[in-house]
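J.: Below you will find the structure I want to go over with you.
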Amino acid sequence: MSEEDAGRMSRYTTAYEAMSAKERRRVTLVEYRCRLRGCLLLAVWTGPEGGLVYQPSSRHSPLRNTGQSAAEARAERGASRFPSSTRSIDDPYRWVAPGEAPMSLVTDGDSTSVSCDHVRRALSRAQVVEDVSTARAGHPTTRRISA
Ligand SMILES: [Zn+2]
């Protein structure tokens, strides 16, 4: 991603986070939330450049924790957060969030991992594109994701 693109995406992140719940509802197409507590995992909204994928900050490093021990998991909870980010839904090469291991781009470039304290899952771009295709801004579709 060029610096110019990164700057623009960063501004979209700020813009989405600054919206009121009502404003968000007006532009949001699909939300993915954790089934247990309703934490927002990923949202797709209609922005100035079409479908924008917003991912809130996460305490978990995506896709890197398969098979981690309980001790590692506890250590990770004290680690720095992965910042919130935005990317275009139309660009598969930007589908993987900044901060995800480059390895995941190679091995799993068509899915992104979403996480909160209750859920950590891969979410495929194809699934999101399909959900978006039937969604309407103002009536966002909410998908609940189980661990
Ligand atoms: Zn949660």
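Number 628 in the numbering used here belongs to position 145 of the sequence shown; there are no gaps in the numbering.
In this text, a Cβ means the ideal position worked out from N, Cα and C, and glycines have one as well.
Note that the structure is a prediction, hence the values are computed from the model and not measured.
1) Using the Cα positions of T497 and Q538, report the straight-line distance between them to the nearest angstrom.
2) Taking R542 as part of the beta strand (DSSP E), name the residues at either end of that continuous run.
3) I'd like to check one pair, L512 with A620: are the Cβ atoms closer than 7 Å?
4) Which residue wins for smallest C-alpha separation from R508, given the options S568, G490, S493 and V527?
5) So if I measure from each beta-carbon to every heavy atom of ligand 1 and keep distances below 5 Å, which residues remain?
6) Given that a residue counts as buried once 16 or more other Cβ atoms are within 10 Å of its Cβ, and exposed if not, what is T595?
7) Just to confirm my understanding: we take R518, look at its own chain, exclude 5 residues before and 5 after, and list those with CB closer than 7 Å. What are they?
T.: Judging by the given coordinates:
1) 12 Å
2) Taken as a continuous stretch (DSSP letters only), R542 belongs to no beta strand (DSSP E), as it is neither H nor E.
3) yes
4) V527
5) The set, ordered by position in the chain, is C517, R520, C522, C599 and H601.
6) buried
7) R627, I628 and S629
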